[in-house]
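Written below as structure tokens is the structure these notes are about.
2 protein chains.
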Amino acid sequence: MAKELKELTSRSVNYAQWYNDLVLKADLAENSAVRGCMVIKPYGYAIWEKMQCQLDQMFKDTGHVNAYFPLFIPKSFFSKEADHVEGFAKECAVVTHYRLKNAPGGGVVVDPDAKLEEELIVRPTSETIIWNTYRNWIQSYRDLPVLCNQWANVVRWEMRTRLFLRTAEFLWQEGHTAHATEAEAVAEAEQMLNVYADFVENFMAVPVIKGVKSASERFAGALNTYTIEALMQDGKALQSGTSHFLGQNFAKAFDVMFADQNGSRDYVWATSWGVSTRLVGALIMAHSDDNGLVLPPKLAPYQVVIVPIYKNEEQLKQIDENVAGIVAKLKTLGISVKYDNADNKKPGWKFSEYELKGVPLRLALGGRDLENNTIEVARRDTLTKETLSCEGIENRLKDLLDEIQQNIYKKAFDFRASQTREVNSYDEFKVEIERGGFLLCHWDGTPETEELVKNETKATIRCIPLDGDKTPGKCMVSGKPSKQRVIFARSY
Amino acid sequence: MAKELKELTSRSVNYAQWYNDLVLKADLAENSAVRGCMVIKPYGYAIWEKMQCQLDQMFKDTGHVNAYFPLFIPKSFFSKEADHVEGFAKECAVVTHYRLKNAPGGGVVVDPDAKLEEELIVRPTSETIIWNTYRNWIQSYRDLPVLCNQWANVVRWEMRTRLFLRTAEFLWQEGHTAHATEAEAVAEAEQMLNVYADFVENFMAVPVIKGVKSASERFAGALNTYTIEALMQDGKALQSGTSHFLGQNFAKAFDVMFADQNGSRDYVWATSWGVSTRLVGALIMAHSDDNGLVLPPKLAPYQVVIVPIYKNEEQLKQIDENVAGIVAKLKTLGISVKYDNADNKKPGWKFSEYELKGVPLRLALGGRDLENNTIEVARRDTLTKETLSCEGIENRLKDLLDEIQQNIYKKAFDFRASQTREVNSYDEFKVEIERGGFLLCHWDGTPETEELVKNETKATIRCIPLDGDKTPGKCMVSGKPSKQRVIFARSY
Numbered sequence: 000m001a002k003e004l005k006e007l008t009s010r011s012v013n014y015a016q017w018y019n020d021l022v023l024k025a026d027l028a029e030n031s032a033v034r035g036c037m038v039i040k041p042y043g044y045a046i047w048e049k050m051q052c053q054l055d056q057m058f059k060d061t062g063h064v065n066a067y068f069p070l071f072i073p074k075s076f077f078s079k080e081a082d083h084v085e086g087f088a089k090e091c092a093v094v095t096h097y098r099l100k101n102a103p104g105g106g107v108v109v110d111p112d113a114k115l116e117e118e119l120i121v122r123p124t125s126e127t128i129i130w131n132t133y134r135n136w137i138q139s140y141r142d143l144p145v146l147c148n149q150w151a152n153v154v155r156w157e158m159r160t161r162l163f164l165r166t167a168e169f170l171w172q173e174g175h176t177a178h179a180t181e182a183e184a185v186a187e188a189e190q191m192l193n194v195y196a197d198f199v200e201n202f203m204a205v206p207v208i209k210g211v212k213s214a215s216e217r218f219a220g221a222l223n224t225y226t227i228e229a230l231m232q233d234g235k236a237l238q239s240g241t242s243h244f245l246g247q248n249f250a251k252a253f254d255v256m257f258a259d260q261n262g263s264r265d266y267v268w269a270t271s272w273g274v275s276t277r278l279v280g281a282l283i284m285a286h287s288d289d290n291g292l293v294l295p296p297k298l299a300p301y302q303v304v305i306v307p308i309y310k311n312e313e314q315l316k317q318i319d320e321n322v323a324g325i326v327a328k329l330k331t332l333g334i335s336v337k338y339d340n341a342d343n344k345k346p347g348w349k350f351s352e353y354e355l356k357g358v359p360l361r362l363a364l365g366g367r368d369l370e371n372n373t374i375e376v377a378r379r380d381t382l383t384k385e386t387l388s389c390e391g392i393e394n395r396l397k398d399l400l401d402e403i404q405q406n407i408y409k410k411a412f413d414f415r416a417s418q419t420r421e422v423n424s425y426d427e428f429k430v431e432i433e434r435g436g437f438l439l440c441h442w443d444g445t446p447e448t449e450e451l452v453k454n455e456t457k458a459t460i461r462c463i464p465l466d467g468d469k470t471p472g473k474c475m476v477s478g479k480p481s482k483q484r485v486i487f488a489r490s491y
Numbered sequence: 000m001a002k003e004l005k006e007l008t009s010r011s012v013n014y015a016q017w018y019n020d021l022v023l024k025a026d027l028a029e030n031s032a033v034r035g036c037m038v039i040k041p042y043g044y045a046i047w048e049k050m051q052c053q054l055d056q057m058f059k060d061t062g063h064v065n066a067y068f069p070l071f072i073p074k075s076f077f078s079k080e081a082d083h084v085e086g087f088a089k090e091c092a093v094v095t096h097y098r099l100k101n102a103p104g105g106g107v108v109v110d111p112d113a114k115l116e117e118e119l120i121v122r123p124t125s126e127t128i129i130w131n132t133y134r135n136w137i138q139s140y141r142d143l144p145v146l147c148n149q150w151a152n153v154v155r156w157e158m159r160t161r162l163f164l165r166t167a168e169f170l171w172q173e174g175h176t177a178h179a180t181e182a183e184a185v186a187e188a189e190q191m192l193n194v195y196a197d198f199v200e201n202f203m204a205v206p207v208i209k210g211v212k213s214a215s216e217r218f219a220g221a222l223n224t225y226t227i228e229a230l231m232q233d234g235k236a237l238q239s240g241t242s243h244f245l246g247q248n249f250a251k252a253f254d255v256m257f258a259d260q261n262g263s264r265d266y267v268w269a270t271s272w273g274v275s276t277r278l279v280g281a282l283i284m285a286h287s288d289d290n291g292l293v294l295p296p297k298l299a300p301y302q303v304v305i306v307p308i309y310k311n312e313e314q315l316k317q318i319d320e321n322v323a324g325i326v327a328k329l330k331t332l333g334i335s336v337k338y339d340n341a342d343n344k345k346p347g348w349k350f351s352e353y354e355l356k357g358v359p360l361r362l363a364l365g366g367r368d369l370e371n372n373t374i375e376v377a378r379r380d381t382l383t384k385e386t387l388s389c390e391g392i393e394n395r396l397k398d399l400l401d402e403i404q405q406n407i408y409k410k411a412f413d414f415r416a417s418q419t420r421e422v423n424s425y426d427e428f429k430v431e432i433e434r435g436g437f438l439l440c441h442w443d444g445t446p447e448t449e450e451l452v453k454n455e456t457k458a459t460i461r462c463i464p465l466d467g468d469k470t471p472g473k474c475m476v477s478g479k480p481s482k483q484r485v486i487f488a489r490s491y
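Heads up: the protein sequence lines correspond to chains A and B, in order.
Just so we're aligned: 6 in numbering that gives the first Met the number 0 is position 7 of the first sequence, and the numbers increase by one with no gaps anywhere.
Just so we're aligned: 190 in numbering that gives the first Met the number 0 is position 191 of the second sequence, and the numbers increase by one with no gaps anywhere.
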């Protein structure tokens, strides 16, 4: 164990390596035999399930329902929306045949007689197949709004992949809504941005900046893309959720019209919005340290682990009994707890293991604790320990979990504050961007300037913030007028 | 509405058409633009979600964890287990390319330069990719058992499809477990069969026969396939869940070995088990009638619907207030309720709509009810109505929901009993099989007899029952010795 932990590369030595080590060693995910596709291991999946559960509730609380649309999309659908095809119909998995047959020399080969008339694309996103479906669902204003979400897998044939952050197949949710008016669709897109921000800040404990994307960073087919941007510990930004106002683009491409109260017909207004298993990557990178994961209590698969320290079977039995009482009390408060009294591993090994796995609170109960009716409580976020009375321990632990949730958020917030700064000249920018972080700069609003900066510094406009300082100024590159500062950063 | 309802074909006229009408009209699912792939609409998906939620809890209660494995499987993996390839690597979706490019005349075409070295198969089931993964997870007995489940989509290129019952893409869960001993793996396979039977009987309210499949009906690669078989209203059987004891076949194919306590190495023992969105089809066909769906309360998206009957806005306001009190009380008892006071549809329309959608209890509250503090309660299962006092209504409704759950089960149980009979000669069999139902017959245990019966009557051995009469006898076809009666039926 000590051995394994030492193998976790330090963040300061190689952040990318640290991340990869951690994902593997904390049993979150691993690469599969299929290039670019990951296996999400049970501990990693348990975190994703907690995220799903919370997001799903938030979607339902805002009036959405779940549905399921086909994995495959006819190739021709991608060509129907001009911008969309540019963005999505390129690096994708193409199904061309529907049968294998036995090969003469053993094994199987693709049956050339089973070629599809039209190739099918494994969905990289589902706007096209969904809007093709909505055409039959929507005739009148009475059928609106349609507020569907789906939990699904999607495939984008990425060349350079990283576990959770960028994989060929990933899991996500995609909301697709249809509205009678532009204003309603814009309000929906903004509402879902706020839902995402609420989730990421209050459950993942990661502060985000809400903003809109520049035209060149917009979703292919959108009129406006809202985004939340988070800052990772290495000073790089991570786009954590996007919500798109699609205008009438997809309604026009798939001929989805509705009759209003007066019987006049118009195209339907659309939004789409999604977050993915990428959020697990963000969660890891935002909080974890050289000892392993640091999980916010609200998303930890178990919030408390209890480890017995005993000299003999008799003592273990006594500890088992005491712990059973504590576990029962924690459960009444809705706290998830694991009691690890497996005898094939030593306490020290277990301590390191749960530290690696980011369990927010680790309790240890030994012989002296039995005598004193106490228990040792170790916090994962601060790595501090204290010995507490078992009397009323459940309420104290509940408070501690709340404290940890807040403390993790505060730490990430303070870090971001320390890494966010105004930059006023391009020369300064070129120096500052090497130090990472969010750089607040004036930009003239042109794609030319944006591209120049990207090519020269690998920094992109993460977003034009919705909140905060809106003072106009002059573009740091061109000197032309700028409406407000925007956020530049290097990003995942 | 009355119009729409009349369009629901009667079961006695055309059962298959009735089923298809019902799936479409109750807004459960529809065919998509992709051949054989369905769109699961929100109301149908809500039923599936309730199923998922309950099953997931039952899996976790029996020690399983969720994980996620890749959608794609390298073609060569299928050839590794000799029987498996015969069963699964034939009618499947084959990914051969990973890029599209703009076509000269507009649109997109497959880029011939982006051909995969090895084709990828969209998973029809995941034994191969999972056992290839388990090889790295399992070294010693300490790593066992591995008890993973995944919720996923799978694709089998079916030529003749029917909504929910047989679709090219469907949703399911697949459990894949690894064990140190044969006995433990067999016990796991049997445990999961019992979990499925428990779920189908106690939540879906569909009685099932537990049994094992004959060799020719086994899962490709299994040593033994356990099954639960249900009887639909048209007298056809529907296989509702299977659990497979896989022996060491996949461990040998993917070289998964473990060291036991003494350090000696052996191949790992395996099981797999799954149920799918097909269960939604079973649920529909088992209980519904010519008026529409009949849903068991435990799986109904909402258990109670309340419809106001009012003369004017003022009266509606009063009803709204009264209903708010009832809704609050129902929610404290965990009863899901929808209050439909939308003013664009008449009460009669709503009544038929909720009958069509199978809502277990429909409440109507009008002017006279306001005066008398009463409410009209209509049961979907019996189509009976009674007027009840609003005083303590919540407890009465809770009891009624329990009664409905039991009554639906009893009705299905009695129907099955009436359709299950012993048949002792093949001549009698040929007559009886036309009447449908489960036929209990002696069989000599040979695949030849089984195939003869299948070719001549389209009936298959649904299972060799685990419980019930085990008296030996003589095969109805060959006259050779038979160990016990088996169940023959035509099936979905």
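By construction, the Cβ of each residue, glycine as well, lies at the ideal position given by its N, Cα and C atoms.
Keep in mind that this is a model prediction, so the values were computed, not measured.
- Query: Any chance the segment 317-330 of chain A sits against the segment 227-239 of chain A, with 3 or more Cβ pairs inside 8 Å?
  - Reply: no
- 4-residue-minimum alpha helix (DSSP H) runs that sit fully inside the segment 454-485 of chain B, ordered along the chain: none
- Quick one: any contact between the segment 196-206 of chain B and the segment 274-289 of chain B, if contact means 3 or more CB pairs under 8 Å? yes
- Where the beta strand (DSSP E) containing methionine 37/A begins and where it ends: 37-39
- Message: Closer than 8 Å is the cut-off here; do at least three beta carbon pairs connect the segment 96-105 of chain B with the segment 40-57 of chain B?
- Response: no
- Return the CA-CA distance between tyrosine 301/A and leucine 362/B, expressed in angstroms with no decimal places. 42 Å
- Message: Give me the subset of the segment 69-82 of chain B whose CB atoms are less than 9 Å from a CB atom of chain A, sorted by chain position.
- Response: Pro69, Leu70, Phe71, Ile72, Pro73, Lys74, Ser75, Phe76, Phe77 and Ser78
- Message: Restricting to Cα atoms, I'd like to know which of Thr8/A, Trp171/A and Gly106/A is closest to serine 275/A.
- Response: Trp171/A
- How many angstroms separate the CA atom of valine 185/B from the CA atom of serine 9/A? 45 Å
- Task: To the nearest angstrom, report how far apart asparagine 340/B and threonine 383/B are at their CA atoms.
- Result: 23 Å
- Item | Cβ contact check for the segment 218-232 of chain B and the segment 460-479 of chain B: 3 or more pairs under 8 Å | yes
- Would you mind reading off the limits of the beta strand (DSSP E) that contains leucine 146/A? 145-154
- Nearest neighbour of phenylalanine 442/A, chosen from Cys147/A, Met475/A and Gly467/A [CA to CA]: Here residue 442/A is tryptophan; the residue named in the question, phenylalanine, does not match the sequence. It is Met475/A.
- Output, in chain order, the set of chain A residues within a Cβ distance shorter than 7 Å of lysine 356/B. Per Cβ cutoff of 7 Å: no residues; lysine 356/B is ~14 Å from chain A at best.
- How about the segment 314-329 of chain B and the segment 69-77 of chain B: do they share at least three Cβ pairs that are nearer than 8 Å? no
- In chain order, what residues of the same chain have a beta carbon less than 6 Å from the beta carbon of histidine 175/A, not counting five sequence neighbours either side? Ile129, Cys147 and Ser271
- Straight-line Cα distance separating glutamate 183/B from aspartate 85/B: Contrary to the premise, residue 85/B reads as glutamate rather than aspartate in this sequence. C-alpha separation (whole angstroms): 28 Å.
- Message: So, at 8 Å on beta carbons, what are the nonlocal neighbours of alanine 188/A in its own chain, with the 5 sequence-adjacent residues on each side left out?
- Response: Asn223, Tyr225, Ser242, His243, Phe244, Thr270 and Trp272
- Leaving out the 5 sequence neighbours to the left and right, which residues in its chain are closer than 8 Å to serine 481/A when beta-carbon positions are compared? His441, Trp442, Asp443, Gly444, Pro471, Gly472, Lys473 and Cys474
- Should alanine 15/A go down as buried or exposed, given a rule of 16 or more other Cβ atoms within 10 Å for buried? exposed
- Query: Quick one, are the C-beta atoms of leucine 369/B and asparagine 321/B less than 8 Å apart?
  - Reply: yes
- Test item: CB-CB of glycine 210/A and isoleucine 432/A under 8 Å: no
- Item | Which residues DSSP lists as bridging arginine 161/A, in chain order | Arg165/A
- glutamate 390/B burial status per 10 Å Cβ neighbour count (16 or more: buried): exposed
- Query: Can you tell which of Trp156/B, Thr132/B and Leu21/B has its C-alpha closest to the C-alpha of leucine 119/A?
  - Reply: Trp156/B
- Query: Is it true that the CB of valine 107/B sits closer than 8 Å to the CB of serine 125/A?
  - Reply: no
- Item | Cβ of glutamate 200/B within 8 Å of any chain A Cβ | no
- Query: Is the Cβ of serine 275/A closer than 8 Å to any Cβ of chain B?
  - Reply: no
- Identify each residue in the segment 261-275 of chain A for which the Cβ-Cβ distance to at least one residue of chain B is less than 8 Å, and report them in chain order. none
- Shortest alpha-carbon distance to lysine 114/B belongs to which of Glu117/A, Pro295/A, Val93/A and Ile407/A? Val93/A
- Task: List the endpoints of the continuous alpha helix (DSSP H) containing threonine 127/B.
- Result: 126-136
- Would you say alanine 167/A and asparagine 131/B are within 8 Å of each other, going by their C-beta atoms? no
- Which residues in the same chain have their Cβ closer than 6 Å to the Cβ of serine 335/B, if we skip the five residues on either side of it in sequence? Tyr301 and Gln302
- Query: phenylalanine 487/A by DSSP, collapsed to three states: which one?
  - Reply: strand
- Task: Would you mind working out which of Val22/A, Gly291/A and Val64/A sits nearest tyrosine 42/B, comparing C-alpha positions?
- Result: Val64/A
- Determine the direct distance from the alpha carbon of phenylalanine 257/A to that of serine 139/A, and round the result to whole angstroms. 5 Å
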